[in-house]
Amino acid sequence: MSDIETTAQPVAPVQVRFADFGLSPDILRALTDQGYEHPTPIQAQAIPVLLQGRDVMGAAQTGTGKTAGFSLPIIQLLLAHANASMSPARHPVRALILAPTRELAVQVAENVAAYCKHTPLRSTVVYGGVDIKPQAAIMRGGVEIVIATPGRLLDHVEQKNISLSQVQMLVMDEADRMLDMGFLPDLQRIINLLPKQRQNLMFSATFSPEIKRLASTFLTDPVTIEVARSNATADKVTQVVYKVTEENKREAVAHILRQRELKQVIVFSNTKIGASRLARGLEQEGMKASAIHGDKTQQERMAALDAFKRGEVDVLVATDVAARGLDISDLPCVINYDLPYNAEDYVHRIGRTGRAGASGDAISIYSDKDERLLVDIEKLIKQTIKRGELEGFRPGARPASEERHGERRHPRSPEGERPRSSGYAGSGNGRPGPGPGAGTDRGPRPSGPRRDKVDPWFLKPYEPSRPGNAATTTTTPSSSSPSKPKPKLAALLGGLRKE
DNA sequence: AAAAAAC
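Heads up: the first sequence begins at 32 in the numbering used here, then just goes up one per residue.
The following block contains the structure:
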């Protein structure tokens with residue numbers, strides 16, 4: 032088994048069309064139905080390679096058209112290799128797509144179903160949190176393509192609702208996420224049920240050593256397809272951070288949303304409770320907000336997502352259940368109510384915006400205690416994030432009593448307060464502003480008086496901690512913290528060995 | 001630290 036091979040396959044300079052790949056007319060018709068004619072760069076690279084039957088390691092951000100990139104060739108290959116002598120009644124599972132979260136599985140399944148629409152192939156999705164019986168019935172009826180979260184799939188295997196012995200193609204979507212979530216043992220178990228001879232695809236937004244290790248374990252002589260530089264944030268995303276005090280975080284989010292009259296925003300919270308509270312708080316402020324997290328029932332999760340997609344909800348407050356994979360298109364803005372503990376999650380979160388060529392804003396608020404998280408994030412994305420100034424929410428200011436009148440409009444509002452009058456007209460056009468930077472540039476510049484009392488942190492040139500070598504030494508334990516930087520790598524490798 | 005995922 033050779034090392035992972037990297038092709039320098041350039042993106043074709045001429046506009047390629049789906050029709051150029053030799054895909055079945057039934058597939059092309061489905062694409063036409065959806066208005067797709069030209070592949071995205073990852074599709075242009077992945078489709079021919081996959082059609083050759085090669086294993087693929089795809090380093091792709093969400094929003095790059097990854098799902099079609101793998102499902103179109105899968106469908107094509109299944110159609111091409113259809114066993115004519117096979118009884119039409121028998122539909123063994125021939126392609127298996129694994130995803131880390133239920134929502135992602137559902138979305139992949141929706142895409143696959145759409146692309147299969149005009150073919151005789153059947154697909155279904157199975158995931159936990161819902162009644163298993165209807166899923167069992169569908170699978171017993173026969174399907175060629177199964178999209179699944181690992182746990183429920185194993186459940187079905189044990190119940191003998193499904194056999195994986197005929198699987199020719201395996202996709203591990205969001206593989207980094209699956210590792211993070213501890214799915215490695217499940218993955219191993221599932222893979223042990225598959226035929227040795229098969230085509231493997233692995234997609235990952237980040238390219239950590241753990242992922243490479245997984246790839247070398249499960250993939251055979253894979254072609255690596257990398258669209259965006261890994262761990263790089265989409266350059267279409269304008270990022271800004273606002274430092275506020277811990278108690279003012281909720282008000283700050285409300286302020287940002289109100290001031291910019293934001294619609295279709297995802298606000299990320301680190302905790303389920305925090306997400307629920309924030310959503311409730313925003314609702315009390317008169318906004319249409321809803322929370323989505325793992326303590327909600329599957330029905331609630333889907334309802335919240337649907338309402339958001341339909342525009343009935345403007346603000347979706349989410350834990351990292353929604354950080355990856357979710358295909359919510361054209362999000363103008365993502366807000367981090369908390370900075371994520373894992374820097375990689377930052378990349379995934381802001382990947383919800385600025386997608387498919389559109390520009391987007393990623394706004395984060397943080398407080399003193401999150402300074403370290405911010406440093407980690409900047410180290411990972413190898414760029415310094417613009418420090419913005421959020422009027423009236425500066426940290427380090429004197430207690431409210433010493434503040435100028437009208438400086439902070441409504442700090443620390445009590446929970447049950449009535450919806451506020453429209454104190455913040457924002458820019459006035461109902462559309463999202465051009466960028467977070469513009470938000471701070473728009474109003475009159477706070478010249479002079481506001482600066483004197485506080486440490487003008489926002490005026491100091493920011494120094495990313497030791498730009499040269501810091502990146503190699505991961506988290507250098509600062510003397511202040513006892514720091515037991517549990518090496519993630521070791522943990523994961525331990526996991527690999529365990530199996 | 002927290003979140004996610006099978007019952």
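From the three backbone atoms N, C-alpha and C, an ideal C-beta is built for every residue, glycine too.
Note that this is a predicted model, so its numbers are computed, not measured.
Span of the beta strand (DSSP E), counted from its first residue to its last, around glutamate 277: Mapped onto the first sequence, residue 277 falls at position 246. Premise fails: glutamate 277 is in no beta strand (DSSP E) and is neither H nor E.
beta-carbon arginine 244 near the ligand GTP non-hydrogen atom, thresh 8 Å: This structure simply doesn't include the ligand GTP, nor any ligand for that matter.
Just the C-alpha distance for arginine 85 and leucine 245, rounded to the nearest angstrom, thanks. On the first sequence, residue 85 is found 54 positions in, with the first residue counted as 1. On the first sequence, residue 245 is found 214 positions in, with the first residue counted as 1. Cα to Cα, arginine 85 sits roughly 17 Å from leucine 245.
With a CB to CB cut of under 8 Å and the five nearest residues on each side skipped, what residues in its chain are close to arginine 183? Counted from its first residue, the first sequence places residue 183 at position 152. Here the set comprises Val157, Tyr158, Gly159, Ile163, Gln166.
Since arginine 380 contacts alanine 354 with CB under 8 Å, what's their CB separation in whole angstroms? To locate residue 380, count along the first sequence from 1; it is residue 349. To locate residue 354, count along the first sequence from 1; it is residue 323. At roughly 5 Å, the Cβ-Cβ gap stays under 8 Å, so arginine 380 and alanine 354 are in contact.
Pick helix, strand or coil for asparagine 142, following the three-state DSSP scheme. By 1-based counting over the first sequence, the position of residue 142 is 111. Of the three classes helix, strand and coil, the one that applies to asparagine 142 here is helix, per DSSP.
So, at 6 Å on beta carbons, what are the nonlocal neighbours of aspartate 57 in its own chain, with the 5 sequence-adjacent residues on each side left out? Sequence index remark: in the first sequence, residue 57 carries index 26 (1-based). Taken in chain order, the residues that qualify are His149, Thr150.
Counting Cβ pairs, one atom from each stretch, are 3 or more of them under 8 Å apart for the region 266 to 275 and the region 335 to 350? no
Serine 196 vs glutamate 175 beta-carbon contact at 9 Å: Start at 1 with the first residue of the first sequence, and residue 196 comes out as number 165. Start at 1 with the first residue of the first sequence, and residue 175 comes out as number 144. It is not a contact, given that the beta carbons lie outside the stated cut-off.
Pick out whichever of Leu210, His69, Gln219, Thr237 has its Cα sitting closest to the Cα of proline 131. Counting from 1 along the first sequence, the entry for residue 131 is found at position 100. It is Leu210 whose Cα lies nearest to the Cα of proline 131.
Report the option in His187, Pro363, Arg48 whose CA atom is closest to the CA atom of alanine 168. Against the first sequence, residue 168 aligns to sequence position 137. When only C-alpha atoms are compared, the closest one is His187.
For the beta strand (DSSP E) holding arginine 418, just list the boundary residues, first then last. Stepping through the first sequence from its first residue, residue 418 is reached at position 387. Unbroken beta strand (DSSP E) run through arginine 418: 417 to 419.
Quick check: what's the CA-CA separation for glutamine 190 versus lysine 319? In the first sequence, residue 190 corresponds to position 159, counting from 1. In the first sequence, residue 319 corresponds to position 288, counting from 1. Going from the Cα of glutamine 190 to the Cα of lysine 319 covers about 42 Å.
Taking the CB atoms as reference points, tell me whether glutamine 76 and glycine 100 lie closer together than 9 Å. The residue you call residue 76 lines up with position 45 of the first sequence. The residue you call residue 100 lines up with position 69 of the first sequence. Yes; because the gap between Cβ atoms is below 9 Å, this pair is in contact.
Quick one: grab the DSSP three-state call for glycine 391. In the first sequence, the residue the question calls residue 391 occupies position 360. In the structure shown, glycine 391 sits in a strand (DSSP, three-state: E or B).
Less than 9 Å between the beta carbons of leucine 185 and leucine 81, yes or no? In the first sequence, the residue the question calls residue 185 occupies position 154. In the first sequence, the residue the question calls residue 81 occupies position 50. No, the pair does not count as a contact, with Cβ atoms beyond the cut-off.
Could you please give me the residues that DSSP links to glutamate 257 through a beta bridge? Sequence index remark: in the first sequence, residue 257 carries index 226 (1-based). Glutamate 257 pairs with Ala90.
DSSP state of threonine 98 mapped onto helix, strand, coil: On the first sequence, position 67 is the one that residue 98 refers to. Residue state, collapsed to three classes: helix.
Can you say whether proline 226 is buried or exposed, counting buried as having 16 or more other CB atoms within 10 angstroms of its CB? The residue given as residue 226 occupies position 195 in the first sequence. So proline 226 ends up on the exposed side.
Distance between arginine 425 and proline 445 (C-alpha atoms, nearest Å): On the first sequence, residue 445 is found 414 positions in, with the first residue counted as 1. On the first sequence, residue 425 is found 394 positions in, with the first residue counted as 1. Its pLDDT being 36, under 50, proline 445 is placed unreliably in this model, and the value from its coordinates should be taken loosely. If you take the alpha carbons of proline 445 and arginine 425, they lie about 20 Å apart.
If I follow the unbroken alpha helix (DSSP H) through threonine 248, where does it start and stop? The count along the first sequence starts at 1 and reaches residue 248 at position 217. It spans 240 to 249 - the alpha helix (DSSP H) in which threonine 248 sits, taken as one unbroken run.
Exposed or buried, what is threonine 255 when buried is set at 16 or more other beta-carbons lying within 10 Å of its beta-carbon? As a first step, residue 255 is located in the first sequence; it is residue number 224 there, counting from the start. Buried: at least 16 other Cβ atoms inside 10 Å.
Is the separation between the beta-carbon of valine 378 and that of isoleucine 323 shorter than 9 Å? Numbered from 1 along the first sequence, position 347 holds the residue referred to as residue 378. Numbered from 1 along the first sequence, position 292 holds the residue referred to as residue 323. No. Outside cutoff.
How is the beta strand (DSSP E) around isoleucine 128 delimited, first residue to last? Counted from its first residue, the first sequence places residue 128 at position 97. Start and end: 126 to 129.
So, at 6 Å on beta carbons, what are the nonlocal neighbours of glutamine 199 in its own chain, with the 5 sequence-adjacent residues on each side left out? On the first sequence, residue 199 is found 168 positions in, with the first residue counted as 1. Cβ within range, chain order: Arg125, Arg229.
Length of the line joining the Cα atoms of glutamate 134 and arginine 383: On the first sequence, position 103 is the one that residue 134 refers to. On the first sequence, position 352 is the one that residue 383 refers to. The alpha-carbon atoms of glutamate 134 and arginine 383 are separated by roughly 14 Å.
Boundaries of the beta strand (DSSP E) in which threonine 155 is found, first to last residue: Walking along the first sequence from the start, residue 155 turns up at place 124. 154 to 157 is the extent of the beta strand (DSSP E) around threonine 155.
With burial defined as no fewer than 16 other Cβ atoms inside 10 Å of the residue's Cβ, what is the status of aspartate 252: buried or exposed? The residue you call residue 252 lines up with position 221 of the first sequence. With fewer than 16 other Cβ atoms within 10 Å, it is exposed.
Scan the region 307 to 369 and note each continuous alpha helix (DSSP H) run of 4 residues or more that stays entirely inside, going in chain order. 329 to 341
For the candidate residues Val47, Pro72, Tyr368, Leu218, whose alpha-carbon lies nearest to that of arginine 308? Locating residue 308 in the first sequence gives position 277, counting from the first residue. For the residues Val47, Pro72, Tyr368, Leu218, the minimum Cα distance to arginine 308 belongs to Tyr368.
N- and C-terminal bounds of the alpha helix (DSSP H) containing valine 47: As a working note, residue 47 is residue 16 in the first sequence. Unbroken run through valine 47: none, as it is neither H nor E.
Assuming contact is defined by CB atoms lying nearer than 9 Å, are valine 346 and valine 272 in contact in what I supplied? Stepping through the first sequence from its first residue, residue 346 is reached at position 315. Stepping through the first sequence from its first residue, residue 272 is reached at position 241. No; because the gap between Cβ atoms is not below 9 Å, this pair is not in contact.
Leaving aside the five residues before and after alanine 306 along the sequence, list all residues of the same chain whose C-beta is less than 7 Å from its C-beta, in chain order. Along the first sequence, read from residue 1 onward, the residue named residue 306 stands at position 275. Answer for alanine 306: Ser300, Ala322, His324, Val348, Ala349, Thr350, listed in chain order.
Pairwise C-alpha distance: leucine 215 and isoleucine 222: Within the first sequence, the letter at position 191 stands for residue 222. Within the first sequence, the letter at position 184 stands for residue 215. The straight-line gap from Cα to Cα measures roughly 10 Å.
With DSSP collapsed to three states, give me the class of glutamine 295. As a first step, residue 295 must be located in the first sequence, where it is residue number 264. Here glutamine 295 sits in coil by DSSP.
Within 10 Å of its beta-carbon, does histidine 112 have 16 or more other beta-carbons around it, so buried, or fewer, so exposed? For this step, residue 112 is matched to residue 81 along the first sequence. It counts as exposed.
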